[in-house]
Amino acid sequence: MLGLNKNDRTLLVIVAVLALLAPFILNPFPTDSSLAQFNAGYPDLMQKFVIFGIFAIGFNILFGLTGYLSFGHAAFLGIGSYSAVWIYKLFTYNVIPAMMLSVVMAAIFALLIGYISLRRSGIYFSILTLAFAQMSFALAYSVLSNPKFNLTNGETGLQVYANDIQMFHRDGLPDFPHIFGLSMGSTSKLPLGAWEFQFNVGYYFCAILMILAFYFSIRLFRSPFGMMLRAVKSNQQRMNYTGLNSRPYTLAAFVISGMFAGLAGGLLAATDPLAGAERMQWTASGEVVLMTILGGAGTLIGPVLGAGFIKYFENIFSKINDQVLHQWVSFMPDGLEDFVVALIHPFIGKGWHLTLGILFMLVVIFLPGGLVEGGQRIGRLFGRKKRAEDTADAAAKTPAE
Amino acid sequence: MGILEVKGVGKRFGGLAALSEVNLSVEENTVHAIIGPNGAGKSTLLNCLVGKLIPDTGSVMFDGQSVLGRKPHEINQMGISRVFQTPEIFGDLTVLENIMIPCFAKRDGSFRMHAFEQFAHEKELIEKSMAILEDVNMADKADMHSASMSRGDKRRLEMAMCLVQEPRLLLLDEPTAGMARADTNNTIDLLKEINEKRDITMAIIEHDMHVVFSLAERITVLAQGTPLVEDTPDNIKGNPKVQEAYLGESQH
Ligand SMILES: Nc1ncnc2c1ncn2[C@@H]1O[C@H](COP(=O)(O)OP(=O)(O)OP(=O)(O)O)[C@@H](O)[C@H]1O
Ligand SMILES: [Mg+2]
Numbered sequence: 022m023l024g025l026n027k028n029d030r031t032l033l034v035i036v037a038v039l040a041l042l043a044p045f046i047l048n049p050f051p052t053d054s055s056l057a058q059f060n061a062g063y064p065d066l067m068q069k070f071v072i073f074g075i076f077a078i079g080f081n082i083l084f085g086l087t088g089y090l091s092f093g094h095a096a097f098l099g100i101g102s103y104s105a106v107w108i109y110k111l112f113t114y115n116v117i118p119a120m121m122l123s124v125v126m127a128a129i130f131a132l133l134i135g136y137i138s139l140r141r142s143g144i145y146f147s148i149l150t151l152a153f154a155q156m157s158f159a160l161a162y163s164v165l166s167n168p169k170f171n172l173t174n175g176e177t178g179l180q181v182y183a184n185d186i187q188m189f190h191r192d193g194l195p196d197f198p199h200i201f202g203l204s205m206g207s208t209s210k211l212p213l214g215a216w217e218f219q220f221n222v223g224y225y226f227c228a229i230l231m232i233l234a235f236y237f238s239i240r241l242f243r244s245p246f247g248m249m250l251r252a253v254k255s256n257q258q259r260m261n262y263t264g265l266n267s268r269p270y271t272l273a274a275f276v277i278s279g280m281f282a283g284l285a286g287g288l289l290a291a292t293d294p295l296a297g298a299e300r301m302q303w304t305a306s307g308e309v310v311l312m313t314i315l316g317g318a319g320t321l322i323g324p325v326l327g328a329g330f331i332k333y334f335e336n337i338f339s340k341i342n343d344q345v346l347h348q349w350v351s352f353m354p355d356g357l358e359d360f361v362v363a364l365i366h367p368f369i370g371k372g373w374h375l376t377l378g379i380l381f382m383l384v385v386i387f388l389p390g391g392l393v394e395g396g397q398r399i400g401r402l403f404g405r406k407k408r409a410e411d412t413a414d415a416a417a418k419t420p421a422e
Numbered sequence: 004m005g006i007l008e009v010k011g012v013g014k015r016f017g018g019l020a021a022l023s024e025v026n027l028s029v030e031e032n033t034v035h036a037i038i039g040p041n042g043a044g045k046s047t048l049l050n051c052l053v054g055k056l057i058p059d060t061g062s063v064m065f066d067g068q069s070v071l072g073r074k075p076h077e078i079n080q081m082g083i084s085r086v087f088q089t090p091e092i093f094g095d096l097t098v099l100e101n102i103m104i105p106c107f108a109k110r111d112g113s114f115r116m117h118a119f120e121q122f123a124h125e126k127e128l129i130e131k132s133m134a135i136l137e138d139v140n141m142a143d144k145a146d147m148h149s150a151s152m153s154r155g156d157k158r159r160l161e162m163a164m165c166l167v168q169e170p171r172l173l174l175l176d177e178p179t180a181g182m183a184r185a186d187t188n189n190t191i192d193l194l195k196e197i198n199e200k201r202d203i204t205m206a207i208i209e210h211d212m213h214v215v216f217s218l219a220e221r222i223t224v225l226a227q228g229t230p231l232v233e234d235t236p237d238n239i240k241g242n243p244k245v246q247e248a249y250l251g252e253s254q255h
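Sequence order for the protein chains is A and B.
Sequential numbering of the first sequence, starting at 22, is according to the numbering used here.
Sequential numbering of the second sequence, starting at 4, is according to the numbering used here.
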């Protein structure tokens with residue numbers, strides 16, 4: 022079914038169920054409890070999970086399979102956002118044409134940037150992509166934003182104004198990105214006992230696209246084309262002497278991953294109709310690298326996990342402030358309390374990047390295969406325990422294992 | 004006219020003349036051995052044939068067409084496959100995948116965007132790959148991670164990768180180096196059979212004289228970048244010049 026084997030189908034179903042039930046799953050704590058701040062089941066954050074999931078799934082097709090490490094993929098994210106907002110400004114708030122333009126524009130730019138950058142490999146490739154992304158950033162931030170020709174609206178960011186053309190906009194349609202009249206911002210709330218669950222149109226739109234992206238990525242991983250991309254990573258010389266031209270393979274992977282990034286950028290603008298240059302900055306490019314490696318580069322589910330992990334902790338850690346900390350450790354004697362708060366202070370709020378850095382180092386050092394490897398190790402641990410129980414007698418005789 | 008015609012090829016690395024005035028003609032459907040002491044330029048010559056190096060002078064014609072200036076993948080698509088001196092395989096892939104890749108290259112050309120097709124549906128290619136793995140006695144290792152195999156196995160795998168393409172010319176750079184005696188003999192048998200049954204022309208570089216004299220119909224002796232003699236194995240055996248340049252030197 023769906024052209025997937027049993028394991029892959031299971032994986033797809035798990036991802037689909039998790040994504041569709043996320044408003045429940047990510048909202049385990051009652052609204053009034055002190056733990057409610059750890060809930061992630063609100064539209065804003067859930068949208069980020071799946072949008073950056075798409076970004077990372079695409080990035081993994083390039084980096085995970087071919088080993089080419091791009092440091093400039095945020096450029097495509099930005100291009101996707103700008104394209105979408107231009108559709109809003111000129112034509113309509115409907116997200117379907119906006120997303121299509123986002124993907125197409127990202128593909129065109131990826132073709133250009135990839136064609137040039139892929140003439141080099143290794144660190145030189147990374148630096149070329151970084152240079153292109155920084156150039157795009159500079160273009161968006163200042164060059165393409167002047168009174169005569171304002172494509173990006175510079176520092177303010179591109180947004181929709183009341184006097185924009187919006188050719189196909191009608192009365193009665195929401196003044197916000199929508200899908201055939203259904204606003205991306207509309208949320209229905211379901212109070213259930215002490216809990217309140219939120220179902221947001223924008224989230225479900227993004228989640229369905231993420232599930233589709235994930236499905237596409239499984240198919241690609243298992244296809245002959247995916248095998249060729251792994252061959253590029255493994256031994257490009259052998260590949261060429263085997264009669265295969267590695268260049269178009271890497272370029273195709275680059276363009277596909279650029280299109281995913283463009284879609285993610287478009288979706289950012291679908292849930293919040295604004296495009297800013299900072300979305301193209303190198304920190305944003307670095308973030309998707311972190312997500313992919315943290316989750317497990319070259320694995321199917323890794324990038325999605327990595328994206329969720331980073332976005333979750335970014336949100337939670339940056340929300341915790343000293344006040345919250347004092348509450349938590351209020352059981353301690355006063356002097357000690359202040360000391361502990363001072364100790365933790367640099368790692369929370371704006372300092373959450375420090376925490377991320379430490380987490381990242383721990384993962385890279387102890388789990389080079391990322392969170393996926395961590396999961397596998399835990400799985401094996403349980404598997405062994407179960408086996409050990411099954412054969413308790415045998416194990417008792419040979420405890421050396 | 005041979006299927007491969009090398010004329011007046013020279014290649015310098017800085018001050019070192021690795022090859023000078025090399026002429027070589029390989030007849031279709033024969034096994035042609037190239038022997039010579041270490042550093043004689045044998046591998047360099049192969050590099051000039053497959054597009055890894057471009058010679059400074061001379062011409063290289065394959066089946067009436069020049070290979071010079073063509074990219075490695077184009078030369079392979081013309082029908083030349085090469086086994087390297089140090090095994091070049093896809094270490095991260097399984098043995099079967101290693102064989103499938105040249106199969107795809109042969110069937111689909113140098114690039115095809117088969118991103119939505121399924122590997123498991125390529126029954127014909129999988130069968131073909133398994134058959135060649137049988138031939139090199141590696142069928143039981145099909146699902147093995149190829150990097151974890153012994154050097155001898157890697158060599159046999161690389162050879163199978165070339166054979167599955169059914170090239171018109173197969174270039175082998177010391178295919179039995181690092182193999183156990185039994186594997187060497189199997190390899191000789193395999194190459195013999197392939198040459199006879201599938202009409203694959205071979206140029207083989209080899210230090211092992213047992214292999215050379217079991218397979219070759221013609222032998223070229225290379226010394227210090229130039230061909231010393233080209234003759235039949237029997238004549239080469241008795242040639243005093245060869246004794247001196249080749250065998251004499253290796254005894255020092
Ligand atoms: N890329 C290179 N740059 C510089 N010198 C090289 C290069 N490749 C080969 N040489 C030199 O050219 C000469 C011939 O080398 P080559 O590898 O062709 O010898 P060979 O006959 O294959 O020897 P062996 O039997 O040891 O494999 C050697 O002196 C070698 O050092
Ligand atoms: Mg050599």
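Just so it is clear, CB atoms sit at the ideal spot from N, CA and C, and this is done for glycine as well.
Keep in mind the model is a prediction, meaning the values are calculated, not measured.
Chain B has a Cβ within less than 7 Å of the Cβ of S244 (chain A). Judged by DSSP in its simplified three-state form, G316 (chain A) adopts helix. The residue from B:E24, B:F16, B:S69 with its alpha-carbon nearest to that of I6 (chain B) is B:S69. Every residue whose beta carbon comes nearer than 5 Å to a heavy atom of ligand 1 appears here in chain order: B:F16, B:A21, B:N41, B:G42, B:A43, B:G44, B:K45, B:S46, B:T47.
Using a 10 angstroms sphere on the CB of L66 (chain A), the tally of other CB atoms reaches 16 or more, which defines it as buried. Proximity of the stretch 115 to 134 of chain B to the stretch 184 to 196 of chain B falls short of the contact definition, fewer than three beta-carbon pairs being nearer than 8 Å. Taking one beta carbon from each stretch, the stretch 375 to 388 of chain A and the stretch 308 to 317 of chain A have 3 or more pairs nearer than 8 Å; the two touch. Chain-ordered, the chain B residues with CB closer than 9 Å to the CB of L241 (chain A) read A118, F119.
Look at R15 (chain B) here: in three-state DSSP terms it is strand.
Here DSSP, grouped into helix, strand and coil, assigns D95 (chain B) to coil.
The residue from B:C165, B:G61, B:H76 with its alpha-carbon nearest to that of T204 (chain B) is B:C165. If only complete runs of 3 or more residues are kept, the stretch 160 to 197 of chain B shows the beta strand (DSSP E) at 172 to 176, in order along the chain.
Secondary structure at E209 (chain B): coil, using DSSP grouped into helix, strand and coil. Its Cα nearest to that of F80 (chain A), the residue A:I277 stands out among A:K210, A:G206, A:G135, A:I277.
Of the candidates A:L250, A:I337, A:Q348, the residue whose Cα lies closest to the Cα of L47 (chain A) is A:I337. In the three-state DSSP reduction, Q302 (chain A) falls in the coil class, being neither helix nor strand. Taking all protein chains shown into account, P168 (chain A) has fewer than 16 neighbouring C-beta atoms within 10 Å of its C-beta and is therefore exposed. Around Q258 (chain A), the beta-carbon contacts reaching into chain B at under 9 Å are K55, P75, F87, E91. Placement of the Cβ of Q88 (chain B) at a distance of less than 6 Å from at least one heavy atom of ligand 2 is found. Judged by pairs of C-beta atoms under 8 Å, the stretch 295 to 305 of chain A touches the stretch 151 to 168 of chain A, as three or more such pairs exist. In this structure, the straight-line span from the alpha carbon of K45 (chain B) to that of I78 (chain B) is close to 19 Å. Not a single CB atom of chain B sits nearer than 7 Å to the CB of S339 (chain A). In the three-state reduction of the DSSP assignment, S207 (chain A) falls in the coil class, being assigned neither a helical nor a strand state. For E394 (chain A), the CB contacts under 8 Å within the same chain, skipping 5 residues up- and downstream, are G317, L388 in chain order. Two segments are said to touch when three or more pairs of C-beta atoms, one from each, lie closer than 8 Å; by this definition the stretch 131 to 148 of chain B does not touch the stretch 50 to 57 of chain B. Cβ atoms of R221 (chain B) and T33 (chain B) come within 8 Å of each other, at about 6 Å. Sequence-distant partners of G101 (chain A) (beyond 5 residues in either direction) whose C-beta falls short of 6 Å from its own C-beta, in its chain, are S123, A127, G283, G286, G287. Chain order gives no chain B residues near S238 (chain A), where near means a beta carbon separation below 8 Å; the closest approach is about 10 Å. Judged by DSSP in its simplified three-state form, K10 (chain B) adopts strand. One Cα belongs to P230 (chain B), the other to L19 (chain B), and the distance between them is close to 16 Å. Approximately 20 Å separates the beta-carbon atoms of F73 (chain A) and A274 (chain A); this is outside 8 Å, ruling out the contact. Using beta-carbon distances, Y262 (chain A) counts as an interface residue toward chain B, with a partner under 7 Å. Rounded to the nearest angstrom, the gap between the Cα atoms of F189 (chain A) and K110 (chain A) is 10 Å.
Between the stretch 71 to 86 of chain B and the stretch 158 to 176 of chain B, the count of C-beta pairs closer than 8 Å reaches three or more; the two stretches touch.
DSSP, read as helix, strand or coil, puts N32 (chain B) in coil.
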